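Here's the structure, in structure tokens; my notes come after.
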Amino acid sequence: MHDCEYYQELMSRLLDESLSDEEEADLREHMRTCRDCRRLGAAFTGMTAVLREDLAEPPRDLARGVMERIRDEESSAPRRRETGPKGRLRPWIRLGAAACLVLAVAGMATVTLRGRAKSAQTESADAALTDTAVAQARSAGAEPDGGEPMTASINGGAVYDLRDAASGAAESAEAPAEDAAPDEAAEAPDPAPSPAQEPLPVYDAARTRIGVIPPENIPAFEALITDGGWAEGTFEYMLKVEYNGKSYAFADSEDGTLVWWEEPSTQPLLSPGTFPQLRQLITMDAPALPQ
Amino acid sequence: MTREEERALIDHVLDGETEQFEKLVKAHEKGVYNLALRMLGNEQDALDASQEAFFRAYRSLDRFRGDSKFSVWLYRVTGNVCLDMLRKAGRRRESSLTDEDGEDMPLPDERSDPQRELEKKELRRAVQRNLTKLEPGFRQALVLRDVNGLTYDEIARVTGLEAGTVKSRIFRARRKLAALLTRDGNFFEPSPSDTTARKGGGRDA
């Protein structure tokens, strides 16, 4: 015997057509005898009909406004993609590349960068992952097996020379963009127009901005990154950060911000107060970023 | 537009045919606008948020990997824009955005008899008014489901939650909304055998 709460959740799922035949029969039997659940069911049905059917027409000037803003943007800063495969960078590529530099120069790590075909072209990313290119970081005196391997899956970049990447990071924090074709990705990266000079906003999982990483702190943050890769089935690019023997995760969001990653169904892996070094790196009371 | 056509269009835009982006805007403006409208509760903010979302999507278009529907990706961008706006509004003044749509407007206590159209209109207004009282993360899940028609799995992708959490959030959002609507005097058809819960018959019946 289930309680009403159980049946009320079934009602909600019935609206979403995610009930089994048995569950539906069970629910209907319960509804027959339970007035409260019938009333709630009627409320669910009524308000859901409003939400599903009562759609507004978008204003006519919505699209026009978007296109005008895009034209303004294009006239001042055209999209760079047509100039080559190395377009705008995700912050994590910059972070990853710079982290490579830090570790390579320190001679502490073997750095493995796995090429991954562009998923739009190759849906079987697993197969692409076997096409792994290993670039070992050997700056003068570096022992490749001297530390924990650092792995970064970069979407689209196959062969990826770490020293180029590292020097690119040193000069410009630039690295091959995710859309780079495999044979093009080995080229030395283009310099980018000072991408690392912007503060990096950090949000919590509810998209509340908890602060920014000021430009001068980004290298120190980068030094903590040990891994990165696409989280399966999400839009998230995950960054693994290690500190004091514990691992923490950040998610890169699609608008170039960082999100403290909250593991599903668990407590947040970290809150600003639990990670002193990161907390110092993230300015908690920074003024709002200009839009 | 098929997914392949959409992908081709995106590639054209990425290759410099900026004007092609307008087709993508036109194809998705209704879903984006209605998501924003339900999240924010008024038309001006919804327009602003929609335009901002499309603009951010344009700038980030090379990050769209094509392993989900473009609309789902767009809704994620839109949701983040809306959550940002709600947060900023909350800082400025408590719920200035969310309570704008007639919060202080008194509801008629008695409804003249058959006016079902009026009732329906009132219900629509009440749904929006009370929707904006839900916690934004719950509101987002519910709106993505009922307004945008996303599946639990798609909503999980948009929000970064597990599908099970999405399911439970939607349920809790519905239950809360139903409670608010009932408290607000918006009664729903009682079952035929139910004599105490007659429309207008009493909130605590």
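Keeping their order, the protein sequence lines are chains A and B.
Residue numbering for the first sequence follows my numbering, beginning at 1 and increasing consecutively.
Residue numbering for the second sequence follows my numbering, beginning at 1001 and increasing consecutively.
No residue lacks a Cβ here, since even glycine has one placed at the ideal position from N, Cα and C.
These numbers were taken from a predicted model, which means no experiment stands behind them.
Taking a beta-carbon distance threshold of 9 Å, E23 of chain A does not count as an interface residue toward chain B. Between E24 of chain A and Y6 of chain A, the alpha-carbon positions lie close to 12 Å from each other.
At a cut-off of 9 Å between beta-carbon atoms, D16 of chain A makes contact with chain B. Shown in chain order are the members of the stretch 1161 to 1185 of chain B whose Cβ falls below 8 Å from a Cβ of chain A: L1161, E1162, G1164, T1165, K1167, S1168, I1170, F1171, R1174, R1175, L1177, A1178, L1181, T1182. Rounded to the nearest angstrom, the gap between the Cα atoms of E1135 of chain B and A43 of chain A is 20 Å. Annotation: the continuous beta strand (DSSP E) that includes P201 of chain A extends over 200 to 203. For S76 of chain A, no CB of chain B lies under 9 Å from its own CB, so it is not counted at the interface with that chain.
Between S1071 of chain B and chain A, the shortest Cβ-Cβ separation is not below 9 Å.
A straight line joining the alpha-carbon of Y1033 of chain B with that of E53 of chain A spans about 14 Å. Residue contact check for K1030 of chain B against chain A: a CB pair falls below 9 Å. Cα atoms of R32 of chain A and R38 of chain A: separation of roughly 8 Å, rounded to the nearest angstrom.
A contact is defined here as three or more CB-CB pairs under 8 Å, and the stretch 1073 to 1086 of chain B meets this definition with respect to the stretch 1132 to 1149 of chain B. Contacts between R1124 of chain B and chain A, judged by CB atoms closer than 8 Å, involve V50, D54 in chain order. Assignment of G211 of chain A by DSSP, reduced to helix, strand and coil, places it in the strand class.
The beta carbon of L40 of chain A sits closer than 8 Å to those of Q8, M11, all from its chain and outside the five residues before and after it, given in chain order. Following the DSSP letters along the chain, one finds S75 of chain A inside the alpha helix (DSSP H) bounded by residues 61 to 76. A Cβ of chain B is located within less than 9 Å of the beta carbon of E73 of chain A. For K1026 of chain B and D1045 of chain B, the gap between their C-alpha atoms comes out near 19 Å.
The three-state secondary structure of A249 of chain A, taken from DSSP, is strand. A residue is called buried once 16 or more other Cβ atoms fall within 10 Å of its Cβ, and G1149 of chain B, having fewer, is exposed. Any Cβ of chain B closer than 9 Å to the Cβ of I70 of chain A would place that residue at the interface, and such an atom is present. Scanning A:P215, A:L27, A:E22 for the CA closest to the CA of D3 of chain A turns up A:L27.
Here E1029 of chain B is buried: its Cβ has 16 or more other Cβ atoms, across all protein chains shown, within 10 Å. In this structure S1071 of chain B is buried. Its beta-carbon is surrounded by 16 or more other beta-carbon atoms within 10 angstroms.
Around the C-beta of R1169 of chain B, 16 or more other C-beta atoms lie within 10 Å, and the residue is accordingly described as buried. Around the beta carbon of G65 of chain A, 16 or more other beta carbons lie within 10 angstroms, which makes this residue buried. Taking each of B:D1146, B:L1161, B:L1123, B:M1039 in turn and checking the Cα distance to D1084 of chain B, the smallest one comes out for B:M1039.
Around the Cβ of T1002 of chain B, a 10 Å sphere holds fewer than 16 other Cβ atoms; the residue is exposed. The bridge partners DSSP lists for V1032 of chain B come to none. Of A:C34, A:L62, A:M47, A:E68, the smallest CA-CA separation from L1180 of chain B is found for A:M47.
Within chain A, the C-beta atoms nearer than 8 Å to that of R1145 of chain B come from D16, in chain order. Closer than 9 Å to the CB of F250 of chain A there is not a single CB belonging to chain B. For the pair G1016 of chain B and Q1128 of chain B, the CB atoms are not nearer than the 9 Å cut-off.
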